[in-house]
Amino acid sequence: MRRELLVVAVAGLLVFAGCSSAIDGSDDPEQERPVDVSGSLEVHHIDVGQADSTLVVTPSNETILIDTGDYRDDGQDVIDYLETHDVDRIDHLITTHGHADHIGGHPAIIEHLEEAGDGVGAIYDSGVPHPTATYERYLDAVERYNVSFYEVAAGDRLPLADDSLEATVLNPPDGDTSGDVDTNGIVLSLAFGDFSYLTTGDLDASGERRLVEAYGDDLAADAYQAGHHGSSTSSNAPFLDRVDPDIAVVSSPLDSGYGHPHDEVLAAFASRGIETYWTGVHGDIVVTTTGTAVSVETERNASTDPATLLERKHAVQSALVSPLAASVYAERGLLPPDSGQASVAGAVAHTVEGAR
0 MRRELLVVAV AGLLVFAGCS SAIDGSDDPE QERPVDVSGS LEVHHIDVGQ ADSTLVVTPS
60 NETILIDTGD YRDDGQDVID YLETHDVDRI DHLITTHGHA DHIGGHPAII EHLEEAGDGV
120 GAIYDSGVPH PTATYERYLD AVERYNVSFY EVAAGDRLPL ADDSLEATVL NPPDGDTSGD
180 VDTNGIVLSL AFGDFSYLTT GDLDASGERR LVEAYGDDLA ADAYQAGHHG SSTSSNAPFL
240 DRVDPDIAVV SSPLDSGYGH PHDEVLAAFA SRGIETYWTG VHGDIVVTTT GTAVSVETER
300 NASTDPATLL ERKHAVQSAL VSPLAASVYA ERGLLPPDSG QASVAGAVAH TVEGAR
């Protein structure tokens, strides 16, 4: 259900001033949302290519950084973004899961903030290990700089000093630190006034089913970062029906070798009238809310109609389909992007109506 509060999309990015501990436990992500809301919450989706990194800034400039991009960039894109926006401290660093396109910048960013900035307040991890060189460098940096490190599970809340925002962990299930790193990665729900935001890392269909069973309509969010870079392994219909977002953000390059975002996901967004932002097209994307009104600012001006984005994707990716992406298409009985299967019937652009 969507409430009538205007969302404005603008090209050009905000600049803000940047500025931690036991974890709160809670069983209900909707329980007693903060009512004393003043100022604005900013959610910055940093363009890090085939990777994820999201910066959250509260009205009091408390900061949450969710993932840090790919290991091949070594955190440089994120460091540059933080410096451009005068952020010299991350109060809460979230490791959704241990894949190198999500924690690749952790070692360099921890070092940068500890050596040249005001440090990292605490790190929150799913507790599911992923034994790679990148993961080991991440743990080495945590140990070297003695950063507080917490394993979190469903029901935990980040210990935010700014009580206008609630940040609630919905996944992994309490006590389950085994199994697939995607399925048991951190899912985080943000609540600020009447506005809600959901980010799911690389959560797959089985994890989404588990969330639907556990939370049902409480998954509803005004803005949703599409799981797994817009892969069809995520954003499945029963899950999208519960989340029912007005805004979706996809983090992947326009020339993604994996074919992200997958056609089925853009088609699903189009059929639901979801205003869609894609870092590969729009660049850095900032969602700003007062808790009622919501605005979206982008580095580059472009359509947010999923059908138009699908056509643009096909125009670029038709000559770039990798063997891996081709196999994904084949497994799902789809034709590659150059096959002419580019249209989404009934897809129209719309104005997002606002926070719940």
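For the sequence shown, numbering that gives the first Met the number 0 assigns the number 0 to the initial residue and increments by one for each residue that follows. Note that CB positions come from ideal geometry on N, CA and C, so glycine has one too. On a predicted model such as this, the values are computed, not experimentally measured, just so you know.
On the DSSP letters alone, give me the boundaries of the alpha helix (DSSP H) that residue 316 sits inside. 305 to 316
Applying the criterion that 16 or more other CB atoms from any shown protein chain within 10 Å of the CB defines a buried residue, is residue 155 buried or exposed? Label assigned to residue 155: buried.
The beta strand (DSSP E) that contains residue 141, what's its start and end? Not the beta strand (DSSP E): residue 141 falls in the alpha helix (DSSP H), residues 132 to 143.
Candidates 238, 179 and 162: closest to residue 198 by CA position: 238
When the Cα of residue 206 is compared with those of 280, 126, 138 and 179, which residue comes out closest? 179
Considering residue 111, what are the terminal residues of the alpha helix (DSSP H) in which it resides? Looking at the DSSP string, the run of the alpha helix (DSSP H) that includes residue 111 is 105 to 115.
Grab me the residues of residue 233's own chain with a C-beta within less than 8 Å of its C-beta, minus the 5 sequence neighbours each way, in chain order. If we look at residue 233 and ignore the five residues flanking it on each side, its Cβ neighbours are 199, 201, 202, 203, 204, 207, 225, 226, 227 and 264.
Determine which residues share a DSSP beta bridge with residue 274 and list them. In the DSSP output, where bridge partners are listed per residue, residue 274 has 246.
For residue 21, count neighbouring Cβ atoms within 10 angstroms of its own Cβ and tell me buried if that reaches 16, exposed if not. Note that residue 21 scores 42 on pLDDT, short of 50, meaning its location in the model is unreliable and no value can be drawn from it.
What number of angstroms, rounded off, separates the C-alpha of residue 72 from the C-alpha of residue 53? 16 Å
Does DSSP classify residue 84 as helix, strand or coil? coil
Closest to residue 123 by C-alpha separation, out of 314, 184, 43 and 213, would be which residue? 184
Residue from 235, 190, 286 and 243 with nearest C-alpha to residue 262: 235
Please state the DSSP three-state secondary structure of residue 215. helix
Taking the alpha helix (DSSP H) that residue 221 falls in, what are its first and last residues? From DSSP, residue 221 is part of no alpha helix (DSSP H); its letter is neither H nor E.
Rounded straight-line distance, which links the Cα of residue 91 to that of residue 145: 14 Å
Cβ contact check for the segment 159 to 168 and the segment 134 to 141: 3 or more pairs under 8 Å: Touching, no, given that fewer than three Cβ pairs across the two stretches are closer than 8 Å.
Would residue 267 and residue 246 be called neighbours here (beta carbons separated by less than 8 Å)? Cβ atoms of residue 267 and residue 246: not closer than 8 Å.
Residue 386 to residue 196, Cα distance in whole Å? Because the chain here runs from 0 to 355, residue 386 falls outside it and cannot be looked at.
Whole angstroms are fine: how far does the CA of residue 281 sit from the CA of residue 334? Low confidence applies to residue 334: its pLDDT is 46, below 50, so where it sits in the model is not reliable, and the reading given next is rough at best. So the two alpha carbons sit approximately 26 Å from each other.
For residue 78, three-class secondary structure by DSSP: helix
Reduced DSSP category for residue 334 - H, G, I as helix; E, B as strand; rest coil: Interpretation of residue 334 is limited by its pLDDT of 46, a score under 50 that renders its predicted location unreliable; the figure taken from the coordinates is listed afterwards. Three-state result, residue 334: coil.
Assuming residue 67 contacts residue 102 (C-beta within less than 8 Å), just tell me the rounded distance between them. Confirmed, Cβ separation roughly 6 Å.
With H, G and I counted as helix, E and B as strand and the rest as coil, what does DSSP make of residue 262? If DSSP states are grouped into helix, strand and coil, residue 262 belongs with the helices.
Alpha carbon to alpha carbon, how far is residue 55 from residue 159? Give it in angstroms, no decimals. Rounded to whole angstroms, residue 159 to residue 55 spans 12 Å at the Cα level.
If contacts are defined as beta-carbon pairs under 8 Å, then residue 291 and residue 192 qualify, I think. What distance do you get, rounded to the angstrom? Sure, about 6 Å apart at Cβ, within 8 Å.
If we ignore side chains and look at the alpha-carbon of each, how far apart do residue 29 and residue 210 end up? Low confidence applies here, because residue 29 scores a pLDDT of 44, under 50, leaving its location unreliable; read the following figure in that light. Going by the C-alpha atoms only, they are around 14 Å apart.
Cβ distance (whole Å) where residue 153 is taken to contact residue 171 below 8 Å: Approximately 7 Å separates the beta-carbon atoms of residue 153 and residue 171; this is inside 8 Å, confirming the contact.
Using the C-alpha atoms, what's the distance from residue 288 back to residue 93? 21 Å
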